[in-house]
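K.L.:
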Amino acid sequence: MLENNNVVKKGLLLVISGPSGAGKGTICKELLEKNPDFWLSVSATTRAPRKNEQQGINYFFMTKEDFVDRLAKDDFLESAEVYGNYYGTPRESVISKIEEGKDVILEIDIQGALKVKESYPEGVFIFILPPSMDELKRRIIKRGSETEESLMRRFKSAYKEVNYVSKYNYAVMNDELSEAVEKIESIITAEKCSVERMKENILSKEGIIHEQLYD
Ligand code: 5GP
């Protein structure tokens, strides 16, 4: 975003995370439909594409060798092994979009979110909670794309993962999709009004330093 004196204000890094089946993907899809200016990062993965998934749109599907090669080049902002496959967030595209002033969304697992928090603590970390553990189970089964063994693995880790909610800035329960999306939009609005972010805004708008405001 261009401010009065041509200083580009950095975009927000919004990390949407939570257990598998909580509905992160659906929330992000809806959020992007309502806010086409947001930019969703496309992750790299070694998992095989599911039916209807497209290269470069849902994921950058790659071999384990290619993934390890990129990892060695420090190409990922974070990476994690999730249910036996590797996933990684391409660093360069995310950082350059933020620098351009775009609000960037990462839809990643909990291990990855915690790694991003270490290297980019100014990110906004949102934990998506399922309405109940029974509902979470029902959603994972409904997805229908998993083997029995992988379903069991997802249930077990989802039970453990809910405990990580305390590491996040916000928790949004995904009971009603439209309400969950509205809550995230409100979080974004609130974050953009935070004193820390407004400080940058005031400095660039006025072109003078209002240091006394922040003493
Ligand atoms: P799925 O295989 O169902 O698409 O994703 C499995 C899990 O991996 C989900 O929780 C998803 O959010 C997470 N995931 C997707 N991309 C990334 C990524 O780049 N990094 C990390 N850490 N997790 C990811």
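Note that the UniProt record's numbering gives residue 110 to position 110 of the sequence shown, counting from 1, and the numbers run on in steps of one.
Even for Gly, the Cβ is constructed at its ideal location relative to N, Cα and C.
The structure displayed is predicted, hence computed values, not measured ones.
1. Helix, strand or coil, according to DSSP, for Gly-88 in the structure here?
2. Use the C-beta contact count for Ile-126: other C-beta atoms within 10 angstroms, 16 or more gives buried, fewer gives exposed.
3. From the DSSP output, in three-state form, read off Asn-169 for me.
4. Rounded to a whole number of angstroms, what is the C-alpha to C-alpha distance between Asn-101 and Gly-123?
5. Any chance the CB of Tyr-168 is under 7 Å from a heavy atom of the ligand 5GP?
6. Return the first residue and the last residue of the alpha helix (DSSP H) that Phe-155 is part of.
7. Answer yes or no: do Leu-177 and Ile-105 have a C-beta to C-beta separation smaller than 8 Å?
8. Just jot down, in chain order, the residues whose CB lies closer than 6 Å to any heavy atom of the ligand 5GP.
9. Classify residue 219 as buried or exposed, calling it buried when 16 or more other Cβ atoms lie within 10 Å of its own Cβ.
10. Where DSSP assigns a beta bridge to Tyr-40, which residues make up the other side?
11. Between Gly-21 and Leu-136, which are expected to be in contact by the criterion C-beta below 8 Å, what is the C-beta distance as a whole number of angstroms?
P.N.:
The answer reads as follows:
1. Translated into the one-based positions of the sequence shown, residue 88 becomes position 88. DSSP places Gly-88 in strand when its eight states are reduced to three.
2. In the sequence shown, residue 126 corresponds to position 126, counting from 1. Here Ile-126 is buried, its C-beta having at least 16 other C-beta atoms within 10 Å.
3. Numbered from its first residue, the sequence shown carries residue 169 at position 169. In the structure shown, Asn-169 falls within a coil segment according to DSSP collapsed to helix, strand and coil.
4. Taking the sequence shown and counting its residues from 1, the one referred to as residue 101 is at position 101. Taking the sequence shown and counting its residues from 1, the one referred to as residue 123 is at position 123. Position check: residue 101 holds Gly in this sequence, whereas Asn was assumed. Their Cα atoms are separated by approximately 14 Å.
5. For this step, residue 168 is matched to residue 168 along the sequence shown. It does not: the Cβ of Tyr-168 is nowhere closer than 7 Å to a heavy atom of the ligand 5GP.
6. By 1-based counting over the sequence shown, the position of residue 155 is 155. Counting along the chain, Phe-155 sits inside the alpha helix (DSSP H) bounded by residues 148-161.
7. As a position in the sequence shown, residue 177 is number 177, starting the count at 1. As a position in the sequence shown, residue 105 is number 105, starting the count at 1. When the beta-carbon positions are compared, Leu-177 and Ile-105 stay at least 8 Å from each other.
8. Residues with a Cβ closer than 6 Å to any heavy atom of the ligand 5GP, in chain order: Ser-20, Lys-24, Ser-43, Arg-47, Glu-78, Ala-80, Val-82, Tyr-87, Gly-88, Thr-89, Glu-107, Ile-108, Asp-109, Gln-111 and Gly-112.
9. A query on residue 219 cannot be resolved here, the shown segment of the chain reaching from 1 to 215 and no further.
10. Residue 40 sits at position 40 when you count from the first residue of the sequence shown. In the sequence on display, residue 40 carries Leu and not Tyr. Answer is Ile-105, bridged to Leu-40.
11. Within the sequence shown, the letter at position 21 stands for residue 21. Within the sequence shown, the letter at position 136 stands for residue 136. The pair is a contact, with the Cβ atoms about 5 Å apart (cut-off 8 Å).
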